[in-house]
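In what follows, a structure is listed as structure tokens, so that the remarks can point back to it.
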Amino acid sequence: MKGLFDFSEVATYFFRKKDPNRKTNFNLRTMHTINKVSMLMFLVGLIYLVFKLMTR
Numbered sequence: 001m002k003g004l005f006d007f008s009e010v011a012t013y014f015f016r017k018k019d020p021n022r023k024t025n026f027n028l029r030t031m032h033t034i035n036k037v038s039m040l041m042f043l044v045g046l047i048y049l050v051f052k053l054m055t056r
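Throughout the sequence shown, residue numbering follows the UniProt record's numbering, covering 1 to 56 in sequence.
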């Protein structure tokens, strides 16, 4: 059960430092931005559902 609620990888994904040796392009930056937005939307929805169930 402990592994189900381990959000450390999600948190480190948002606060990662940029690698100066890696070449970036528009497609890669766009993909990472879309991934970050979708993870944030999922977490907000999950928090909303938890609060909605708690207030019943």
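All C-beta atoms in this analysis are idealised placements derived from N, C-alpha and C, irrespective of residue type, glycine included.
| query | So does the region 16-36 actually touch the region 47-56, counting three or more Cβ pairs closer than 8 Å? | reply | The region 16-36 vs the region 47-56: no contact.
| Three-state class that DSSP yields for residue 58 in the structure shown | No answer is possible for residue 58: the residues shown for the chain start at 1 and end at 56.
| message | By the three-class DSSP mapping on this structure, what secondary structure does Arg22 have? | response | Coil.
| query | Which of the three DSSP states, helix, strand or coil, is assigned to Lys36? | reply | It is helical.
| message | Please report the straight-line C-alpha distance between Leu40 and Lys18, rounded to a whole angstrom. | response | The straight-line gap from Cα to Cα measures roughly 20 Å.
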